[in-house]
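Data block below; observations after.
Chains as they are written, first to last, in the working numbering: chain U, 21 to 204; chain G, 3 to 488; chain H, 5 to 627; chain C, 3 to 103.
This is the structure we're talking about:
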């Protein structure tokens, strides 16, 4: 009863939702890189889609509505479909279970683990605690909606926007050059 | 806001589009001329950047301070355009190795990469930094794997792609952390607030991760591992552009980031930079010693040269920054001379083994002389450009040692000189192969096109000019370095 | 006006000649050689003109052009004209000119003669640059140019792999020394803030403690440069191998240029060393040791050029020792006379080699004095000068060194110098007797003939200089710069001045006599009776008559042999093998080990990348 | 306990390291590439949460650029992998070791 009260009164819904989405994101993330049941790239790709979708849930919690939409539309909708297409096209078999070199496994785990430890350690560094406690979740003055982002994008960030258009052109040319069936 | 500040960039992008379209209207056998037209246009732009009438050489900022035109950006823009011109010359000579239908695309991709470099030279906030570096990198993914009929080219492309994307991820995470703690994306504004975050670990973490991304671009230890493979596998003109353009873009961003955005942090990192520079020099030179593949050898040597250039960063003074600019200018001619010769001599051979250069002294005296001068300059022997650049770098380090009393600087000088002595062995191995090899298999003279001869002469003149009359470029470099502040 | 222009002209004439030959006349041998020869000879004439215009009284002048300014350091491209550089210019252009003329005859049949002369001109240019430089940077640049041009010349006959190896060895050994030299230059610059010799001199003179505790280290680092160029122990290994080049190149390297550069540099920067007795001590002992080592090695050689090469090493040791004993005047004096007689010896040897159709083993020669009388005579003069027989030039300069050692109360080095003097005479006359006396030991020797005029003429000129070089006022000239005690003597006084210090002179002459006697004893015999079988038949008679000889044989000569062999062994295995080889091998091995990291596997690369990031973060954020 | 910036960042960092592990340990080029996307997404999450707690939208604009650039990069990268697969019939990193030492 108390729990439900808390949930209704003190922004508890957001907390619960955060926990749910975060757990989903991480779980699916783990399944992307290490799925105990299948080593097929397709499974990885599908879990990556799930990661992205649950992450867009987190985006919504952070009031980044436009990006949440873009995340689903562009990432899950376009990029991941591209991945799946390629996987189908190449007709990739399951990654054979080659015997993992123990040295690499341990070395990789240790170095990534230490990077993570340093990350977390810097998170709990004194400055940060102060910063985080003083600024409790501020009431959103700025909503991450299309209008606000669009304004910023076409005033402050026009130049990068244009450069990205060149980049897309280059990517297009590049893809055509690399995958054209026949180059005489 | 003065839009004409980006005149140079707009014209370069325009040129890229024109070159791409020109392909449609040109008969296949005349596509070499697309390259020459591009060279002519870039040459005009280069002249334009020196003329006072142009507005692209006016100092100022645009787009709310995210784009900056100052001494250093102008210096690097000229540098990049010159590099692109010479690379296009090399590409024109090499073009018969590409699939016929794709030659013009190659030129236009080079020009688009150039546009990315120009933006990088002017980037003054993290968004510009990220976007311009990605434009360069993604273009290079395509350029590296351009000879897709060759497995090596594709393999190099994939290696560059995965490691490049990895370093981008680190960099973007670093940018996120920096922005998150300070709330600033603009370098100039960041410099004002950075000192109060110096103790924040998460901020320092962000700065380090950005350094990882930039360290990858310049191939500095411990992010140097990709260089030899990619240099070896990529088509020779791409390798040339990678060695000079991409590396210089990394350096201009590194200088801006370290000395404009977070100078207060950088000043504490002398020791770190000393160690990185020293190890980079040793790694590059040691690995190059037993190397027989000439492109791979130059890959290792480019790691060593990144180490030398880092000397100037580690010195943390204006003299060091000036020396970097000067050294890069010399390196431009030297490296492009070497790759020109490699492109011309080895293009019809399957291997890049050093023995392909055997008998070059008789086959083509001009190319032999070009390669020799290039190697001698890389080895840092006076009176060529390479010597002078190294001298300036060492001098700046000695100055730093005097100013700070840090003994580590003297160790660094020693390391650098030891590296120079080691490098003699393999550079002179190349010279020896050119003139003094026993029974080369192929002794047919190499016919050179006028354009190739011109390029060779430009490179030779550049190397000698920078070595004999350093003052002219030194003044430019000194002016440019002033723009960085400290 | 004339004075301003002349030195620049002298300096750049050889460069123009090198450029002209490379660019235009590479296919025309005669024109090329004429251009090159006239450039050097004109340089010599102009130097003489310049001297006479200044009434043979050099005052220190500098003409400079600002070359570049970096921060507060301004580097000039400047020429320093004083007694030291002017005399050196005379040597470089004069002796160099003689060698150039000689080369015309020597290289006449070589198909790349034009390339040869282009390199020779470049070499001369570089050397003149070192001589005239008024600051460290400029000197270093020309220093390296000498290295490069010597690389080109030593490897001139690149068809022979040994020539290529020798060239590379010379270059890399030199660079090893230059490594220290550059460090020294940077150190001097960081301590004193200037690189101009004049400015440095005044700084050091004004405040002798300006260098502080760095004086010794800086001095020794700079000495490293001289060690490379002047082939001092342990960097001497390149010099004997450099014999792979054509004989005129050897003469040029050994007499007038390259090896002289090191000693010259030490004298030029002597003001820095004056403040560090420790550095001078090290220099003196290294010089003495080199002299001894080289002389011992010379005894066991059979190649005519190699014997002379080792003698150069030994004489260079003398010079360096003299510098170390604070006697730059003496060192330069010996350098000057040595330039004359060593060029003479080499060129005479070259003449012999031509006469012998490129046979260089002395045991294939013999009795050449009949066949090549002029060469015999000039070689004899050179040998006498080298050994220090009065009144030949070598006598005066060697005597000055002996006197200097005594004066400095360094009895050990005095003894070494004396011993080396005896050895020098011994091996020189061993060579002399075997080559010119006795019987012909091969067909070539019986068919030998005198060389043409273009070769013998420079020999005669150098012979004259070797005779009179000791007393024509060389020390006066240098003394005006370094303030030696023999300054401003007349020629006649010069001629007799050694007699003021009777003891060292007597010792010196005594050493010569002993050496000569031994050489005569052994090699006069060896020439007439070369075969051991015959020796065996005469053994008893010999044993009775030459009891002392046998004793010598058993002790002194055996000991000599042993010493010579062991020093050769030491040289080959310890210095070259262990020290240099270990460094090289170690570097090579670590290179090979390091690149195992580059497995080509993307996964490994990614792992190393991430590992690098982890290290970086750990190093900065945790430690 | 209230959910703050730290929690979001912790998730983001964890995700980043997961991606890193994937890059190091998986052998299939496509999966490696997906792991890289995971890392980029982690950066996006960090930026968005910073944006929320700093009350500035610049971070979100940067995310927009990252997504765009990532899409371009994916397109080129996949084309490259496809070209390689055609040539080599493999998408495994162990098979790409023709250049080494």
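The C-beta atom is built at its ideal place from N, Cα and C for all residues, glycine as well.
Query raised in the report: Under the rule that 16 or more other beta-carbon atoms within 10 Å means buried, what is residue 111/U, buried or exposed?
Result: Walking along the first chain from the start, residue 111/U turns up at place 91. Label assigned to residue 111/U: exposed.
Requested in this report: For the beta strand (DSSP E) containing residue 63/G, list its first residue and its last residue.
Outcome: On the second chain, residue 63/G is found 61 positions in, with the first residue counted as 1. Residues 62-64.
Query raised in the report: By a C-beta neighbour count over all protein chains shown, 10 Å radius and 16 as the cutoff for buried, is residue 367/H buried or exposed?
Result: Stepping through the third chain from its first residue, residue 367/H is reached at position 363. Counting every other CB atom within 10 Å of its CB across the protein chains shown gives residue 367/H a total below 16, marking it as exposed.
Report task. Within its chain, find whatever has a CB closer than 6 Å to the CB of residue 430/H; leave out the 5 residues flanking it on each side and keep chain order. Result -> Counting from one through the third chain, the residue named residue 430/H turns up at place 426. So the qualifying residues of the chain are 519, 522, 523.
Query raised in the report: Using a Cβ-Cβ distance under 8 Å, would residue 424/G count as near chain H?
Result: Mapped onto the second chain, residue 424/G falls at position 422. Yes, its Cβ sits closer than 8 Å to a Cβ of chain H.
Query raised in the report: beta strand (DSSP E) containing residue 405/H: first to last residue?
Result: By 1-based counting over the third chain, the position of residue 405/H is 401. Residue 405/H -> not in any beta strand (DSSP E); alpha helix (DSSP H) instead, spanning 397-411.
Query raised in the report: Is residue 103/C helix, strand or coil when you go by DSSP?
Result: The count along the fourth chain starts at 1 and reaches residue 103/C at position 101. In this structure, residue 103/C counts as coil in the three-state DSSP scheme.
Query raised in the report: Relative to chain G, which residues along the stretch 612-627 of chain H have a C-beta separation below 9 Å, given in chain order?
Result: 612, 613, 614, 615, 616, 617, 619, 620, 621, 623, 624, 625
Report task. Could you check what DSSP says for residue 560/H in three-state terms: helix, strand or coil? Result -> Along the third chain, one-based indexing puts residue 560/H at 556. Bear in mind that the predicted position of residue 560/H carries a pLDDT of just 49, short of 50, making it too unreliable to give a figure here.
Query raised in the report: Beta-carbon of residue 438/G versus every beta-carbon of chain H: anything under 8 Å?
Result: Counted from its first residue, the second chain places residue 438/G at position 436. Closer than 8 Å: yes.
Query raised in the report: Counting only beta-carbon atoms, is residue 150/G nearer than 8 Å to chain C?
Result: Mapped onto the second chain, residue 150/G falls at position 148. Taking Cβ atoms only, chain C reaches closer than 8 Å to residue 150/G, which makes this a yes.
Requested in this report: Just list the alpha helix (DSSP H) runs in the stretch 227-315 of chain H, keeping only unbroken ones of 4 residues or longer that don't cross its boundaries, in chain order.
Outcome: 242-245, 251-255, 262-272, 274-277, 281-303
Query raised in the report: At least one CB of chain H closer than 8 Å to the CB of residue 231/G: is that the case?
Result: Within the second chain, residue 231/G is the residue found at index 229, counting from 1. True, the Cβ-Cβ gap to chain H drops below 8 Å.
**Report entry** Residues bridged to residue 125/G (per DSSP)
**Finding:** Here residue 125/G refers to the residue found at position 123 when the second chain is read from its first residue. 69/G, per the DSSP bridge assignment.
Requested in this report: Out of 85/U, 77/U, 182/U, point me to the one whose CA is closest to residue 133/G's CA.
Outcome: In the second chain, residue 133/G corresponds to position 131, counting from 1. When only C-alpha atoms are compared, the closest one is 182/U.
Query raised in the report: Is the shortest distance between the beta-carbon of residue 50/U and the beta-carbons of chain G less than 8 Å?
Result: Counted from its first residue, the first chain places residue 50/U at position 30. Taking Cβ atoms only, chain G never reaches closer than 8 Å to residue 50/U, which makes this a no.
Query - Rounded separation between residue 339/H and residue 320/H - CA only - result: Your numbering for residue 339/H matches position 335 in the third chain. Your numbering for residue 320/H matches position 316 in the third chain. About 8 Å.
**Report entry** Where residue 47/H sits in the DSSP three-state scheme
**Finding:** As a working mapping, residue 47/H is identified with position 43 in the third chain. Three-state result, residue 47/H: helix.
Query raised in the report: According to DSSP, is residue 79/U helix, strand or coil?
Result: Position 59 of the first chain holds residue 79/U. If DSSP states are grouped into helix, strand and coil, residue 79/U belongs with the helices.
Query raised in the report: Is there at least one Cβ from chain H nearer than 8 Å to residue 2/G's Cβ?
Result: Residue 2/G falls outside the range modelled here, since chain G spans only 3 to 488, and no answer is possible.
Query raised in the report: For residue 363/H, which three-state DSSP category applies?
Result: Start at 1 with the first residue of the third chain, and residue 363/H comes out as number 359. Coil.
Report task. Name, going along the chain, the residues of the stretch 158-190 of chain U whose beta-carbon falls closer than 9 Å to a beta-carbon of chain G. Result -> 175, 176, 177, 178, 179, 180, 181, 182, 183, 184, 186, 187, 189, 190
Query raised in the report: Would a check of beta-carbon distances place residue 154/U closer than 8 Å to chain C?
Result: As a position in the first chain, residue 154/U is number 134, starting the count at 1. Note that residue 154/U has pLDDT 46, beneath the 50 cutoff, so the model's placement of it is unreliable and the number below is only indicative. False, the Cβ-Cβ gap to chain C never drops below 8 Å.
Report task. Compute the distance between the beta-carbons of residue 323/G and residue 314/G, then report whether it is under 8 Å. Result -> As a first step, residue 323/G is located in the second chain; it is residue number 321 there, counting from the start. As a first step, residue 314/G is located in the second chain; it is residue number 312 there, counting from the start. Yes, they are a contact pair.
**Report entry** Residue nearest to residue 459/G in terms of C-alpha spacing, selected from 335/G, 156/G, 350/G, 259/G
**Finding:** Along the second chain, one-based indexing puts residue 459/G at 457. That would be 335/G, whose Cα lies nearest to the Cα of residue 459/G.
Query raised in the report: To the nearest angstrom, how far is it from the Cα of residue 542/H to the Cα of residue 434/H?
Result: Numbered from its first residue, the third chain carries residue 542/H at position 538. Numbered from its first residue, the third chain carries residue 434/H at position 430. Annotation note: pLDDT 38 at residue 542/H (below 50); position unreliable, coordinate value reported separately. Approximately 22 Å between the Cα atoms of the pair.
Query raised in the report: What does residue 127/U touch in chain H if you count any residue whose Cβ is under 9 Å from its own?
Result: Counting from 1 along the first chain, the entry for residue 127/U is found at position 107. In chain order: 611, 615.
Requested in this report: Within the same chain, show all residues whose beta-carbon is closer than 6 Å to that of residue 295/H, passing over the 5 residues directly before and after it, in chain order.
Outcome: Here residue 295/H is taken as the residue at index 291 of the third chain, counted from 1. Within the same chain, residue 295/H has close Cβ partners 318, 321, 322, 424.
**Report entry** Expected contact under 8 Å - CB spacing of residue 341/H and residue 397/H to nearest Å
**Finding:** Residue numbering aside, residue 341/H sits at position 337 when the third chain is read from its first letter. Residue numbering aside, residue 397/H sits at position 393 when the third chain is read from its first letter. Right, their Cβ atoms sit about 4 Å apart.
Requested in this report: Please work out which residues of its chain come closer than 8 Å, Cβ to Cβ, to residue 392/G, disregarding the five sequence neighbours upstream and downstream, and give them in chain order.
Outcome: On the second chain, residue 392/G is found 390 positions in, with the first residue counted as 1. Excluding positions up to five away in sequence, the list reads 310, 329, 382, 418, 422.
Report task. Report, in whole angstroms, the separation of the C-beta atoms of residue 264/G and residue 211/G, which I expect to be a contact under 8 Å. Result -> Position 262 of the second chain holds residue 264/G. Position 209 of the second chain holds residue 211/G. Not a contact, Cβ separation roughly 12 Å.
Requested in this report: Give the range of the alpha helix (DSSP H) segment to which residue 621/H is assigned.
Outcome: For the purposes of this step, residue 621/H is taken as the residue at position 617 of the third chain. Run containing residue 621/H: 606-621, per the alpha helix (DSSP H) assignment.
Query raised in the report: Between residue 107/U and chain C, is there a C-beta pair that is closer than 8 Å?
Result: The residue given as residue 107/U occupies position 87 in the first chain. Closer than 8 Å to some Cβ of chain C, the Cβ of residue 107/U qualifies, so yes.
Requested in this report: Would you please verify whether the beta carbon of residue 142/U is less than 8 Å from any beta carbon of chain H?
Outcome: Working through the first chain from its first residue, we reach residue 142/U at position 122. It does; some Cβ of chain H falls within 8 Å.
Query raised in the report: Among the residues of its own chain, which have a CB less than 6 Å from the CB of residue 394/G, if the five just before and after it don't count?
Result: Within the second chain, numbered from 1, the residue matching residue 394/G stands at position 392. These residues qualify, in order along the chain: 325, 328.
Query - Straight-line Cα distance separating residue 394/H from residue 471/H - result: Residue numbering aside, residue 471/H sits at position 467 when the third chain is read from its first letter. Residue numbering aside, residue 394/H sits at position 390 when the third chain is read from its first letter. Whole-angstrom Cα-Cα distance: 9 Å.
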